[in-house]
Amino acid sequence: MARKKTSRPLNNQSSQAANGLKQADAKAFESAFSRGDYPRALKAANALVQHSPDSPQVHEWQANALGRLERLDEAVEAMQRAVELVKEPSADHRLKLAQYQVLAGKAARAVEVLESVVADEPENVVALAWLSRAYHQLGQNSRGLEVNDRLMSLDDRHEEGLLWRSRILDQLSRHDETMDTLWKLQEVNPKRVGVHNHIASLFTKEGDYDEAEGHFHREVELDPANGKVHSNLWMTSHYNPAYSGDDLFRMAVEWDRKFGERSSLGRASTERDAGKRLRVGLLSGGFRMHPVGQMILPALQNLPADQFELMFYSSNQYIDKLTQAMQVMAHRWQSIEGLSDGQLDQKIRDDEIDILIDLNGAGDGSRYRTLTREPASLIVKWVGGLVDTTGLESVDYLLSDHVETPEGIDDRYTEKLIRLPDDYICYHIPHHAPDCNALPALTNGYITFGCLNNPAKLSAPLLEEWATLLHEVPNSKLLLRGIQFESERFRNKITATFTGHGIGEDRLLLEGPAKHAEFLETYQRIDIALDTWPYSGGLTTCESLLMGVPVVTRTGPTFAGRHSATHLVNAGLPELVTDSWEDFRARVKELVADLPNLAYIRAALRTILLDSPICDGPRFANHLTTALRAIWQRHCEGKAPEALSFSKSGAAQFADEDAPVKLALAAPGQGFDWQLDSPVMAVDNGAVLASRPDARDLLGSGRVVMLSFDPAGKMETVDHLAQYGEIQHFPYTALGNGQPATLFMSDESEPTSLSPVDPVEDVEAHEIPSVALDSVEGLPAIDVLALDARHDSLAILANASEALKNTLALQVGVFLEPASEQYPDFAKVQSLMRKQGFRFHCFVGEKKKSWFPDDMVAEARMASEVESVEALFIPGYERMKNLSDAQRVRFAFILHALFGAKDVAFRVLNDVDESLAVQYLEGERLVKVREGSGLEPNLAAASVIDEEDTIAGELEKLMSEAY
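Count along the sequence shown starting at 1, add 381, and that's the number in the working numbering.
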């Protein structure tokens, strides 16, 4: 039975006057709507709504005009009002409401309405078509197929039904059925827009690039102004070895020239304040268990909330556990599926986004036309369809690294490159990852090569090279897995290609799709993974390493051709990156020739990956923070974008500047306002403070400066910290008694300036200078001193009585079971501290020793024995009496910021001024505030603390008796 669509004009109605409507306005609406003058039609509909607010008809007319103007949220509201005004809404009314809801990106609400329609009219094919579409948009494709099957049983040539059936089947990885459905749809309507584009994508997945390109061109003939088809063709061309890097660059730039839409509003502008909290927009359809989601989650989870507000713009309505993990971080989460390019542009402008990060690219879900309208002050391209330059003048920066974009390649990018010090992604390990297993070749008696990359990357030259490799490694097999291998036709095609190169069918293992956990288990049957070319693996390379399988790659000519290279280099495996087929095969055969070594690699590879920068969320987030704040600061200075490169230590420098950038961080939006007369001077030995995870924030606050003595060269450089504040670093120089010290280094233990008690093989002894604090002229007053247990703390303290006269806190590493007299133990350190007027407060850290072998799996390698602890000493009671109010505030800040001792910080402030202590509690949100700004009674009573009754006081007395 036929049902009208939302796109169909209203039938002329002759009963306006009878219904009490203003006939002139009604005729004005119908006239304007019929000739496509929708702004005028909306004006007439609005007038009718004002005159007859209780008429369902005028609200429906208003919805139709709004819908044609792509103001879909408003169309939903208007149609909802029309339905509410009808006592018993017809199926037609409810169907139209649901159609607007689907178009507006509100598929979940539409499903409820459409289910009620098909319940009343089970043979309503239009409702069934829209219901299958709604389920598809929610990612519930199995349910969508069930609905679509019902539709096909009623009308197997229903055009809309076939369209959404093809998309549902594609998402369900039913490749051949998708293709069959599209051929049928083309037969039903040869001029249906979008069909050739979809067919082209399927041929791309099969590696049939020429056939795909033909269908893209036929789509362009039907819809010449469709920029998305051109961008799809450009994306597909990266798989095709026939295209050079220069060809692809020209295509990218040409797209912007032809299809870019410049806004009449010009580039969006937000407040230029280098020190403000930045509002960062993230635009993607991959905020889920998707390559994008898996390659950004750890980074986003570790971004400092006081520096960034994250605004997520999701181009679909899918939700899974990874989506939920991102939603927790979101300052605001918005589905923008139903928005036009112009509407999305306006939304981003209204949200006042400082930096917009595109995570879509030119492929599925692309919003390039929105980007060309310049909706944010700065636009950055990162993961997600990141195959090469975007070619868009509107995109200011592209987030990369030194491997993906080697020096000398900048002229192939329209953006300015940000070269991070490690990988350009940060990999999220899925919780369902199976265990690694032993090398299959040891039991099989032959090598199994494998590739689980998208089979779209299986170019003809690549398969020929793999066939050559199979000839050179007798009896070896090749396992390939992917969606396309579900198709018998595709399996036969690949088999024929290999047999044409002399490789028998018995040496091929071709397998179709699987759920992710089972997909990862496939690696348990693979000895060595072969990377694709010219478009390399990305996520699959990380997954292969996770499962203990080394990947050998040959680099390609574009960004897309170097994904595996950067992952391998940053995992510490640069030897697996090659630049020619000869080197590629040689490297593979080297692995094959040494199975014991290959077995060892397999056992260690997961640990290597987990310990590498690829999986280090906090490290990546630090670098990403630096990058975003650096480009924002440059923008605030009125300078044009420029390439930004990181050193390995994390220092960032713009190409046109002579020194690393010195950054301004956003001040915390909330918190107590510490009024210090000068920054806290913090001195350490062993880079104790400089290597803290929060060193950047401490320096960036402007309230802490550091002198870091680093006898073992623990930190190669502190350039990455010097960007944020004042720090001086003295590598291979120790605090001590002023006499030369000896640094002992070996592979079996950490470097130390304490003489080894037990003989250790291959110990290297190096003489290094030491500095006695009391002998340093002009040394500023030391507020905090932190000492590493692996160096001579006793000598440092014995030669620092003058330097420590005004010191407020000491963190001293001590051994609980010292190996010799020279090693600092708690009793000796505490005795020395007492003599200088300090008392023990608490332990602020500990180091444990494991007796498991070093090569044990990291997750199981527990450590239970406490080897050393970090003891915090603070001024004793006599010292405290002599502190000025300014010193007490400084002391409270140290306790709060460096040691988290907020209770004692409160006590110290309370001694200065009770109102100051109350401000601290309120500012740090440590207490509820009553009306009238008073404290809750139970917490106010806690403002007086008898330190002798604290645990620290009990320990003090206990230690006095014991020693």
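Note that CB positions come from ideal geometry on N, CA and C, so glycine has one too. Every value quoted in this text rests on a predicted model; they were computed, and no experiment measured them.
- When secondary structure is reduced to three states using DSSP, C807 falls in the coil class, being assigned neither helix nor strand.
- Annotation: D687 to A510 spans about 47 Å, alpha carbon to alpha carbon.
- Judged by DSSP secondary structure, S513 falls within the alpha helix (DSSP H) whose first and last residues are V506 to Q518.
- With respect to the 7 Å criterion, A680 and F1001 are classified as neighbours on the basis of their beta carbons.
- Close CB contacts of S993 within its chain, under the 7 Å cut and outside five residues either way in sequence, are with N951, A952 and G953 (chain order).
- Relative to A1045, the option among L1009, S1072 and R1073 whose CA is nearest is L1009.
- Between E867 and H611, the C-beta gap is not smaller than 7 Å, which leaves the two residues out of contact.
- When rounded, the separation of the alpha-carbon atoms in Y516 and Q482 is 13 Å.
- Exposure of L646 is indicated by the presence of fewer than 16 other C-beta atoms within 10 angstroms of its C-beta.
- Between V768 and H944, the C-beta spacing is not below 7 Å.
- Looking at the backbone, the Cα of N825 and that of E886 are separated by about 18 Å.
- Non-local C-beta neighbours of P1137 in its own chain, meaning closer than 7 Å and more than five positions away in sequence, comprise F1125 and V1144, ordered along the chain.
- For W962, the enclosing alpha helix (DSSP H) stretches over residues W962 to V973.
- Bounds of any beta strand (DSSP E) do not take in P672; it lies within the alpha helix (DSSP H) bounded by P672 to Q682.
- For S781, the enclosing beta strand (DSSP E) starts and ends at Y778 to D782.
- By the neighbour-count criterion, in which 16 or more other beta carbons inside 10 Å mark a residue as buried, M460 falls on the buried side.
- Within its own chain, the residues whose Cβ lies closer than 8 Å to the Cβ of Q698, once the five positions on either side in sequence are excluded, are G486, A488, A489, Q518, L519, G520, S716 and E718, listed in chain order.
- Across the set P1132, E1295 and K1216, the C-alpha of K1216 shows the shortest separation from the C-alpha of G1257.
- By the Cβ rule, the segment 829-838 does not count as touching the segment 1066-1083, because fewer than three pairs are nearer than 8 Å.
- Rounded to whole angstroms, the gap between the alpha carbons of D537 and A895 is 29 Å.
- Counting along the chain, the unbroken alpha helix (DSSP H) around I549 starts and ends at E540 to Q552.
- Between A1063 and V1165, the gap from beta carbon to beta carbon is short of 7 Å.
- For the segment 846-874, the continuous beta strand (DSSP E) assignments of 3+ residues that do not extend past its boundaries occur at 858-862, in sequence order.
- When rounded, the separation of the alpha-carbon atoms in N818 and I989 is 16 Å.
- Cβ neighbours of D722 within its own chain (closer than 8 Å, five residues either side excluded): E642, R748, R750, T751 and R754.
- Counted as a single uninterrupted DSSP element, the alpha helix (DSSP H) harbouring Y749 occupies residues Y749 to T753.
- In the structure shown, H1147 adopts extended strand secondary structure according to DSSP, grouped into three states.
- Just measuring C-alpha positions, the residue of G674, L720 and D1206 sitting nearest I700 is G674.
- The three-state reading of DSSP puts I907 in coil, since its state is none of H, G, I, E or B.
- Considered as a whole, the segment 1048-1108 harbours 1076-1081 and 1100-1103 as its complete alpha helix (DSSP H) runs of no fewer than 4 residues, in chain order.
- When DSSP states are grouped into helix, strand and coil, Y699 belongs to the coil group.
- Comparing alpha carbon positions, the residue from E594, K586, D589 and L891 closest to H577 is E594.
- Take S625, set aside five residues on each side of it, and the residues of its chain with a beta-carbon closer than 8 Å to its own are P938, in chain order.
- Just so you know, the alpha carbons of K586 and M560 end up roughly 12 Å apart.
- In the three-state scheme derived from DSSP, where H, G and I count as helix and E and B as strand, C1223 is classed as strand.
- Here A472 really is in contact with N505; their C-beta atoms are around 6 Å apart, less than 8 Å.
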